[in-house]
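Going down the list, the sequences are from chains A and B.
For the first sequence, my numbering begins at 725 and goes up steadily by one.
For the second sequence, my numbering begins at 5 and goes up steadily by one.
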Amino acid sequence: MRKVISVIVENEHGVLARIVNLFAGRGYNIESLTVAPIPESNYSRMTIATEGDPEIFEQIAKQLNKLIPVYKVMESDNFIEKEMAMVKFPIDNSLSDIDALARCYNGNISNVSEDYIVVTVIDRAVRIDNFIKGIKKFSPIEIVRSGVSVIDR
Amino acid sequence: MKMTGAKIVIESMIKENVEVVFGYPGGAIMNVYDEIYKQNLFQHILTRHEQAAVHAADGYARATGKVGVAFLTSGPGFTNGVTGLATAYTDSIPLVVISGQVPTSLIGTDAFQEIDAVGISRPCTKHNFLVKDVKDLAYIIKEAFYIAQSGRPGPVHIDIPKDVTAQMTEFVYPKEIDLKTYKPTTKGNKRQIKKVVEAIKEAKKPLVYIGGGAVLSNSAELVREFVNTTQIPAVETLMAKGVLRYDNPLNLGMVGMHGTYAANMAMSEADLIISLGARFDDRVTGKLEEFAKNAKVVHIDIDPTSISKIVQVDYPIVGDLKNVLETMMSLVKSEINPEDYEYFRSIVKRYNELHPLSYHDSDKVLKPEWVIQKTGEILGDKAIISTDVGQHQMWTAQYYPFSFPRQFVTSGGLGTMGFGFPAAMGVKRGVPDKVSINFSGDGSILMNIQEFVTAYEYKLPVINIVLNNNYLGMVRQWQTMFYDDRLAETDLSVQPDFVKLVEACGGKGYRVKTKTEFEEALKDAITQKVPVFIDVIIDRREIVLPMVPAGESLANTIVEYKDPKQLENKDEK
């Protein structure tokens, strides 16, 4: 089972290491992890996508809460979830086909150079999976995923 | 008043009423040691190894209930102390350990004696700090003492770069602190407490399961009141020795791998387990699928992560055991009828009569169990007992008559050999009017034997009773039982002359082989003003029983084992 946990932590020295060590030390999986400061506060938000049983999630949430700089741990099945992916293609593709596909995933062509085009899409993680499957025939050269961000509805 | 970071460290210790610091100086912490030299408000005890400094602070903390403090230098000084931190962490012992670090400008350059100390201590402390600005120092120290002793206690590590101890700032020690992200739950949920009392009322075979939390939360009196009022039988973990008196008829003794038959069977048969500050360690539960399979589980613990971590809990209560029991007692008195559990009491009594804790005594060779019992007869509640780790530790837990909490100081969770002697020094420093005994083995004692020099210098007359079987006995026991007696690297036949060794360090040594010799040596040892080593030559092949083999169910407790190589004892008791 997959689950996304949103953690608010004090924005201080070593806090990311504490979280990552907790996952590594206790054998929990991290599928993706995103971190950024929360504007106008001393806190950062970490969004962690993880895999496991419900008992494991319960332990993860408790263990996170036990860390001193952790302010709040949020779990929900009702998050709005988004992930960004950037994909680089050779220029000799059909630009209109790629552009049309990107639009289906809230995306567009972000950059065009002599040799490459770069497409950026923003969608749910499962939809990003589908997008990546769908573009295979355009021979993507590089795929970069951002990891998920979530917000409560 | 403006002062250096080093002076702030000292002044903060005084504000925290620290009376003793165990430590070892070195380059990165010299500024702090210079300030130690200039003051006389607390004592500094120079151990001969950093590991011993942290263990001594730990023993002091366990015996007194105060925060233990140790100072180390950077690099190897700190890494030597890590075993001490990990030991305290697994047993939830409040410590503040301060280490020096290379100057801020050199951090990350692989400087001399530089190591990422907070990186190493992160997984084996409750919390840690790297002080980057002298202005934060006083607040961090206050925070460290607060975090160490509140909630589920634990060690806190502060790493201070050398330049920070040299910089000047205004010293203001905060009176109160408020941490937005750290608020341990202390009061238990009242509705949940009521439910628990209901569950106890309905249970036919309830069993109290007492853990180290009962010691740490200073709730032994309440636990005793709870057990005596309800007349519910109780089992204890290694860490809970002394919470109930050894001679309380409701106390079935230790549960788990080397627990009593009665305790293990009671655990297997109970229909309600009331866990008071215990954490269902694998050495307690045995095979999980078989553990307490007839029972509903009540779990009272201050640490939410302990609840439903190993065993699914039916009635969780997060809170300080003392607070929860206080609330619970008022209900218990009116709601619970002790006679309801008469049947269960009679069952466990039968278990106890069937296989009481026992050993085959001998007049030809000293039995370790006898040595511990005899020490208990002579000293009883006049001593605080530390141990190292191994067979002697289990025999001590089984056979010493513990009668008050904090009487037993042992590395339970981590199982650290070498812990006992330095811890017993900390005990003696903290509780000077008690005799400080360290039961050890010939393996463990060598891991911190250098502390004889410290104990001699600081007049800490610890009595080491070393049960010497020329083996790493516990591993040897497993090899005999589960590895066809192939004794891989456990034979310690080559040994120093311990008497000469300790006498060279200013201590007093005895070597005993008979009961009379032991009694005489112990009685003489109690009068000594120097650290003592009683080298007790015991039956080499004695094993710790009962035993639940690793991974087996508690119901399969082995109470008898015939070792073909053990001396035949014709005069069995």
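Each residue gets a CB set at the ideal place from its N, CA and C atoms; glycine is no exception.
Where residue i sits in the DSSP three-state scheme
i	result
Asn-102 of chain B	Note on identity: in this sequence residue 102 of chain B is Ile, with Asn being the wrong assignment. Of the three classes helix, strand and coil, the one that applies to Ile-102 of chain B here is strand, per DSSP.
Lys-6 of chain B	strand
Ala-115 of chain B	coil
Ser-125 of chain B	helix
Asp-876 of chain A	strand
Pro-761 of chain A	strand
Gly-72 of chain B	strand
Lys-574 of chain B	At Lys-574 of chain B the pLDDT is 42, less than 50, meaning the model places this residue with poor confidence and gives no usable figure here.
Asp-163 of chain B	strand
Met-808 of chain A	strand
Asn-298 of chain B	coil
Leu-175 of chain B	Residue 175 of chain B is actually Phe in this sequence, not Leu. Three-state result, Phe-175 of chain B: coil.
Met-798 of chain A	strand
Pro-320 of chain B	strand
Gly-776 of chain A	coil
Ser-870 of chain A	strand
Ile-815 of chain A	coil
Phe-133 of chain B	strand
Ile-859 of chain A	coil
Leu-110 of chain B	helix
Met-34 of chain B	helix
Residue i beta carbon near the ligand ATP (any heavy atom closer than 7 angstroms)
i	result
Lys-533 of chain B	The model on display carries no ligand, and the ligand ATP is accordingly not part of it.
Where residue i falls, given that 16 or more other Cβ within 10 Å makes a residue buried
i	result
Gly-9 of chain B	buried
Ile-33 of chain B	buried
Leu-45 of chain B	exposed
Ser-863 of chain A	exposed
Ser-448 of chain B	buried
Arg-742 of chain A	buried
Val-888 of chain A	The structure shown has nothing for residue 888 of chain A, since chain A only spans 725 to 877.
Ala-459 of chain B	buried
Gly-442 of chain B	Gly is not the amino acid found at residue 442 of chain B; the sequence shown has Asn there. Classification of Asn-442 of chain B: buried, given that the 10 Å Cβ count is 16 or more.
His-737 of chain A	exposed
Ser-765 of chain A	exposed
Ser-837 of chain A	exposed
Gln-499 of chain B	exposed
Cys-828 of chain A	exposed
Leu-788 of chain A	buried
Same chain, Cβ closer than 7 angstroms to residue i, five either side skipped, listed in chain order
i	result
Ile-780 of chain A	Tyr-752
Tyr-345 of chain B	Pro-210, Gln-235 and Ile-236
Glu-576 of chain B	Low local confidence applies: a pLDDT of 43 at Glu-576 of chain B is under 50, so the model's placement there is unreliable, and no value is given.
Lys-574 of chain B	Its pLDDT being 42, under 50, Lys-574 of chain B is placed unreliably in this model, and the value from its coordinates should be taken loosely. Hits under 7 angstroms: none found.
Cβ shell of residue i (< 8 angstroms), same chain only, five flanking positions each side left out
i	result
Ile-181 of chain B	Tyr-143, Lys-146, Glu-147 and Tyr-150
Asp-839 of chain A	Pro-814 and Ile-815
Ser-444 of chain B	Thr-391, Asp-392, His-396, Gly-424, Phe-425, Asn-468, Ile-469, Val-470 and Leu-471
Lys-378 of chain B	Lys-519, Phe-522, Glu-523 and Leu-526
Ile-111 of chain B	Gln-105, Glu-118 and Pro-165
Ile-340 of chain B	Val-201, Ile-204, Lys-205, Thr-233 and Thr-234
Cβ separation of residue i and residue j, assumed to be a contact under 8 angstroms, to the nearest whole Å
i	j	result
Leu-89 of chain B	Ala-65 of chain B	12 angstroms between Cβ atoms; not a contact.
Ala-67 of chain B	Ile-388 of chain B	6 angstroms
Gly-192 of chain B	Ile-321 of chain B	4 angstroms
Glu-373 of chain B	Trp-399 of chain B	6 angstroms
Asn-830 of chain A	Asp-847 of chain A	6 angstroms
Pro-465 of chain B	Val-534 of chain B	6 angstroms
Val-516 of chain B	Val-536 of chain B	Wrong, their Cβ atoms sit about 12 angstroms apart, outside the cutoff.
Ala-492 of chain B	Tyr-514 of chain B	The Cβ separation is near 32 angstroms, so there is no contact.
Ser-2 of chain B	Asp-567 of chain B	The structure shown does not extend to residue 2 of chain B, since chain B spans only 5 to 577, so no value can be given for it.
Val-479 of chain B	His-262 of chain B	So it is not a contact: roughly 14 angstroms between Cβ atoms.
Beta-bridge pairing of residue i - partner residues as DSSP gives them
i	result
Gly-445 of chain B	B:Leu-471
Glu-240 of chain B	B:Ile-214 and B:Met-258
Asn-832 of chain A	A:Thr-844
Ile-389 of chain B	B:Phe-412 and B:Ile-441
Ser-78 of chain B	Ser-78 of chain B is not bridged to any residue.
Asp-539 of chain B	B:Val-470 and B:Arg-515
Thr-771 of chain A	A:Ser-730 and A:Thr-758
Ile-278 of chain B	B:Val-212 and B:Val-302
Ile-49 of chain B	B:Phe-26
Asp-495 of chain B	B:Tyr-475
Short CB-CB distance (under 8 angstroms) between residue i and chain C
i	result
Ile-772 of chain A	The chain labelled as chain C is not found among the protein chains of the depicted structure, namely A and B.
Beta-carbon proximity list for residue i, same chain, < 6 angstroms, skipping 5 on both sides
i	result
Tyr-213 of chain B	Val-239, Ile-277, Ser-279 and Ala-282
Val-36 of chain B	Ala-10, Val-13 and Thr-169
Ala-773 of chain A	Val-728, Glu-755, Ser-756 and Val-872
Ala-274 of chain B	Lys-209, Leu-211 and Ala-299
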